Amino acid sequence: MAARAIWKAEVELGSTKVPVKMYSAVTDRNVRFRLLDPETLTPVSQRMVNPDSGREVETEKIERGYEVQPGLLVKLEEEELAQLEPKPSREIEIVAFVPDTEIDHRWYDRPYYLGPDGDQDAYFALADALKKEGREGLARWTMRGKRYVGALGTEGPYLVLITLRHLEEVVDASALPRPQSAAPTNAELKMAEQLVEMLRGSFEPQKYRDEYRERVMELIEAKRKGKVVPLKKARAKKADDASLEKLLAQSLKKAGAA
Amino acid sequence: MSATTRKPAKKRWAKKPSAPKSAATRKGPKRANGSAKRPATKARPAQRPAPERRPTEADEVRVRPFWSGTVTFGLVSIPVDLYPANRPRQAGLRMLSEEGTPLRREYHNPDSGGRIENTEVVRGYEIDKGEFVVLTDEELEAVEPERTRDISLDAFVDIDELDPMYFDRAYFLAPRENAGKAYRLLADVMENNDLAGIARFVMRSKEYLVAIMADGGILRAETMRFADEIRTPEEIGLPKPKKPRPADVTAMKKAIAKLASEQLPEEALQDEYLAELRRIAEAKRKRGQDVVEVEEPQDEEDVGVIDLMEALKKSMAAASGRGARKRA
């Protein structure tokens, strides 16, 4: 079952243009709930109410305000907001091609596949060239009234575009102090390294399933059939620095025996 | 089992040109605002100067300490607090009445028009059109796996093996209680060996797969999408790859070279929309035009909200203090 493209565009590298179709690379599999009226068990609606009058405010009469500081809003007129809206465009502009180590994965937000739209030669040539050059494109585009920044890279022979978070949205870890607790002893470091080595493997994402999601679905099935489910609780563990060495030794023994 | 039939996505970090793994080009997680290179010593990585930007209200974005759990590896437990490493985008607009009163969202029954209090609304899963099974918080908690507060590291993998397509959100881990030393031990071992720990855990009614990495002595967890949430090119129906003509590839290489830059032009990551929104709003505020003062809603949810940076700094220091005292 082929997926539907969510957008059509042209990747623009200077004067070279590559027509593409965009597809979401992510399928949301969260269990979706609806909010219900507890009496009638039918979905509720939402409305915006003026708390002073208790009356609903019609959509056309709702005004927008931007919070310039806590407790202080500036109302923005429709024309002012319209002025902010980017012009629609079908271009994915490449700002620069940087080494593929340059774009930090912490900026990565959501991945999309790009597929060829007609001209397959240009498409596969671009993917191949990007791979061979070891570069990623820093891209900019406007989609559905919103501006995006993204990283144009490859996934096998195909092009992928991963949207990036803005600078302000990524907390700068370098501003944090390193925890300055007592340094682990050499013996502890060595044992920890051994332990980590024993648990070393390769990353196999397909090995993991969302068991919780499956259990929620089972619960729904059970409830539908009128069954009762028992409840249980979880506890947090305590740490103890003093016995760290002992715990490591025991862990090693256990891991070795397994 | 359909999970095994899915082809894993190709590694994206492994495709890097095979640069010699010298001290200067050691692989490792790329840095948010530092260079990808770092000295082989454990000293703090040299940071590229942060791009200049005006301090804005967003710097004071407040977040709550997110979640507390326990990282375990082997029999070692490290109680930690999680803090989001991503700030929410501050581009939201409040809805107001014509007089400038912030509006309240209310639920109501569309048939009867009757209002339903937020606390009374229940959650239902639609099993058939218009037919719902109601699930309570208790019931959902009950199906959380037993390891619910544990982030049990059951595998360590090369950081380069992780496909960033899987990454969803990032959290910093801060040590709690007496966890300082064990925290440091885990961070050191992972950082020295360019490893990430893989774990599964449940936080707020959702199961996560996480990769935990150390960067500058600080542990960070990246929640990952499950394999069945990432589509393959085959699933999407992308056409079979076609071997490109060498002439086309050369032409593309030329086009790439024209736009090549060795450094990321970070100004491209500025939020232009938000900057413009603020500029307009600030200009109006200076003119005293359309400014509305509102009472901050005394939302019970706001209790315990703290400044992220402050909270993190504090917990790093607290764990250190206690750990050190204990040893002395």
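So the protein lines, in turn, are chains R and E.
Counting in numbering that gives the first Met the number 0, the first sequence runs without a single skipped number right up to 257 at its last residue.
Counting in numbering that gives the first Met the number 0, the second sequence runs without a single skipped number right up to 327 at its last residue.
Positions of the beta carbon are idealized from the N, C-alpha and C atoms, including for glycine.
Model, not experiment: these values are computed from the prediction.
Could you check what DSSP says for residue i in three-state terms: helix, strand or coil?
i, result
"Asp58 of chain E", "Note on Asp58 of chain E: pLDDT 40, under 50, position unreliable in the model; the coordinate value appears next. Helix."
"His107 of chain E", "strand"
"Leu116 of chain R", "Note that residue 116 of chain R is Asp in the sequence shown, not Leu. The answer is coil: DSSP assigns Asp116 of chain R none of H, G, I, E or B."
"Ala248 of chain R", "helix"
"Phe171 of chain E", "strand"
"Ala24 of chain R", "coil"
"Arg324 of chain E", "For Arg324 of chain E, the predicted structure reports a pLDDT of 36, less than 50, and the residue's modelled location is therefore unreliable. A value from the coordinates is still provided. The answer is helix: DSSP assigns Arg324 of chain E an H, G or I state."
"Ser96 of chain E", "coil"
"Lys7 of chain R", "strand"
"Ala329 of chain E", "For chain E, the structure presents residues 0 to 327; residue 329 of chain E sits outside this window and is missing."
"Ser14 of chain R", "coil"
"Ser173 of chain R", "helix"
"Ser180 of chain R", "coil"
"Gly255 of chain R", "helix"
"Glu196 of chain R", "helix"
"Arg53 of chain E", "The predicted position of Arg53 of chain E is uncertain, since its pLDDT is 36 and thus under 50; a value taken from the coordinates is nonetheless stated next. Coil at Arg53 of chain E, not helix or strand."
"Leu158 of chain R", "strand"
"Thr39 of chain R", "coil"
"Gln45 of chain R", "strand"
"Ile77 of chain E", "strand"
"Lys312 of chain E", "helix"
"Val142 of chain E", "coil"
"Val291 of chain E", "strand"
"Thr24 of chain E", "Only weak support is given to the placement of Thr24 of chain E: the predicted model assigns it a pLDDT of 34, under 50, and the question is left unresolved by the model."
"Arg31 of chain R", "coil"
"Leu102 of chain E", "coil"
"Arg214 of chain R", "helix"
"Ile115 of chain E", "strand"
"Val304 of chain E", "Here the model assigns Val304 of chain E a pLDDT of 44, short of 50, so the residue's position is not dependable, and the following value carries that caveat. It is coil, neither helix nor strand."
Report whether the distance from the Cβ of residue i to the nearest heavy atom of the ligand GDP is below 7 Å.
i, result
"Ile211 of chain E", "Ligands are entirely absent from the displayed structure, and the ligand GDP is therefore not among its contents."
Name the residue from the options whose alpha carbon lies nearest to the alpha carbon of residue i.
i, options, result
"Ser44 of chain R", "E:Leu139, E:Glu116 and E:Val70", "E:Glu116"
"Ala271 of chain E", "R:Asp118, R:Tyr147, R:Gly225 and R:Glu187", "The amino acid at residue 271 of chain E is misidentified as Ala; the sequence shows Glu. Selected option, being the one with the closest Cα: R:Tyr147."
"Ile229 of chain E", "R:Arg3, R:Ser23, R:Tyr65 and R:Ala4", "R:Ser23"
"Thr71 of chain E", "R:Pro115, R:Leu72 and R:Leu243", "R:Leu243"
"Gly114 of chain R", "E:Pro240, E:Arg277, E:Glu266 and E:Phe200", "E:Pro240"
"Leu12 of chain R", "R:Tyr122, R:Arg164, R:Lys145 and R:Gly155", "R:Tyr122"
"Gly133 of chain R", "R:His165, R:Asp209, R:Val169 and R:Phe96", "R:Phe96"
"Val201 of chain E", "E:Leu81, E:Leu74 and E:Val75", "E:Leu81"
"Leu184 of chain E", "E:Met212, E:Glu160, E:Leu208 and E:Glu97", "E:Met212"
"Pro264 of chain E", "R:Gly136, R:Thr184 and R:Leu83", "R:Gly136"
"Val290 of chain E", "R:Met47, R:Glu76 and R:Leu34", "R:Glu76"
"Gly129 of chain E", "R:Leu34, R:Lys7 and R:Ala186", "R:Leu34"
"Ala248 of chain R", "E:Gly68, E:Ser67, E:Tyr106 and E:Leu74", "E:Leu74"
"Ile279 of chain E", "R:Asp108, R:Val67, R:Lys60 and R:Arg214", "R:Val67"
"Pro109 of chain E", "R:Arg164, R:Arg46 and R:Val25", "R:Arg46"
"Pro163 of chain E", "E:Lys252, E:Pro101, E:Pro87 and E:Thr222", "E:Thr222"
"Arg277 of chain E", "R:Lys245, R:Lys145, R:Gly117 and R:Val73", "R:Val73"
"Lys131 of chain R", "E:Gly287, E:Glu294, E:Glu292 and E:Met251", "E:Met251"
"Glu309 of chain E", "R:Val170, R:Thr39, R:Thr58 and R:Glu9", "R:Val170"
"Lys245 of chain R", "E:Phe65, E:Ser76 and E:Ser67", "E:Ser76"
"Tyr165 of chain E", "R:Phe202, R:Gly155, R:Ala174 and R:Glu79", "R:Phe202"
On the premise that residue j lies in contact with residue i, defined as a C-beta separation below 8 Å, what is that separation, rounded to the nearest angstrom?
i, j, result
"Ile161 of chain R", "Pro98 of chain R", "Incorrect: roughly 16 Å between the Cβ atoms, too far for contact."
"Gly179 of chain E", "Met189 of chain E", "Actually they are not in contact, since the Cβ atoms of Gly179 of chain E and Met189 of chain E sit about 16 Å apart, beyond 8 Å."
"Leu158 of chain R", "Leu125 of chain R", "7 Å"
"Val132 of chain E", "Arg223 of chain R", "5 Å"
"Ala2 of chain R", "Glu234 of chain E", "7 Å"
"Arg28 of chain R", "Asp214 of chain E", "Not confirmed; about 29 Å, so no contact."
"Leu268 of chain E", "Ile93 of chain R", "About 15 Å; that fails the 8 Å criterion."
"Ala150 of chain R", "Ile102 of chain R", "5 Å"
"Gly144 of chain R", "Glu84 of chain R", "6 Å"
"Gly117 of chain R", "Leu95 of chain E", "That belief does not hold up - the Cβ atoms of Gly117 of chain R and Leu95 of chain E are roughly 47 Å apart, past 8 Å."
**Q.** Those runs of the alpha helix (DSSP H) which lie wholly inside the region 177-248 of chain E and span at least 4 residues
**A.** The qualifying runs are 179-191 and 232-235.
Q. Going along the chain, which unbroken runs of the beta strand (DSSP E) with 3 or more residues stay wholly within the region 64-152 of chain R?
A. Listed in chain order, the beta strand (DSSP E) runs fully inside the region 64-152 of chain R are 71-75, 90-98, 107-115 and 134-142, counting runs of at least 3 residues.
Q) What residues in the region 254-287 of chain E have a beta carbon less than 7 Å from any beta carbon of chain R? A) Within the region 254-287 of chain E, Ala254, Ile255, Lys257, Leu258, Ala259, Ser260, Glu261, Gln262, Leu263, Pro264, Glu265, Ala267, Leu268, Gln269, Asp270, Glu271, Tyr272, Glu275, Leu276, Ile279, Ala280, Glu281, Lys283 and Arg284 place their CB atoms closer than 7 Å to a CB of chain R, listed in sequence order.
Q: Quick one: which residues of the region 6-19 of chain R get their C-beta closer than 7 Å to a C-beta of chain E? List them in chain order.
A: Taking a C-beta cut-off of 7 Å against chain E, the contacting residues of the region 6-19 of chain R are Leu12, Gly13 and Thr15, listed in chain order.
Q. In chain order, what residues of the region 138-153 of chain R put their CB closer than 7 Å to some CB of chain E?
A. Within the region 138-153 of chain R, the qualifying residues are Arg139, Arg146, Val148 and Gly152.
Q | the region 186-204 of chain E: positions lying closer than 9 Å to chain R by Cβ | A | Those residues of the region 186-204 of chain E that come within reach of chain R (Cβ to Cβ, closer than 9 Å) are Ala186, Asp187, Val188, Met189, Asn191, Asn192, Leu194, Ala195, Gly196, Ile197, Arg199, Val201 and Ser204.
Q. For the region 92-106 of chain E, which residues have a beta carbon sitting closer than 9 Å to at least one beta carbon of chain R?
A. Answer set for the region 92-106 of chain E: Leu92, Arg93, Met94, Leu95, Ser96, Glu97, Glu98, Gly99, Thr100, Pro101, Leu102, Arg103, Arg104, Glu105 and Tyr106.
Q. Which of the residues in the region 159-171 of chain R, read from start to end, lie with their CB under 9 Å from any CB of chain E?
A. Cβ contacts with chain E: Val159, Ile161, Leu163, Arg164, His165, Leu166, Glu167, Glu168, Val169, Val170 and Asp171.
Q) What residues in the region 204-227 of chain R bring their beta carbon closer than 7 Å to a beta carbon of chain E? A) Those would be Pro204, Gln205, Tyr207, Arg208, Asp209, Glu210, Tyr211, Arg212, Arg214, Val215, Leu218, Ile219, Lys222 and Arg223, in chain order.
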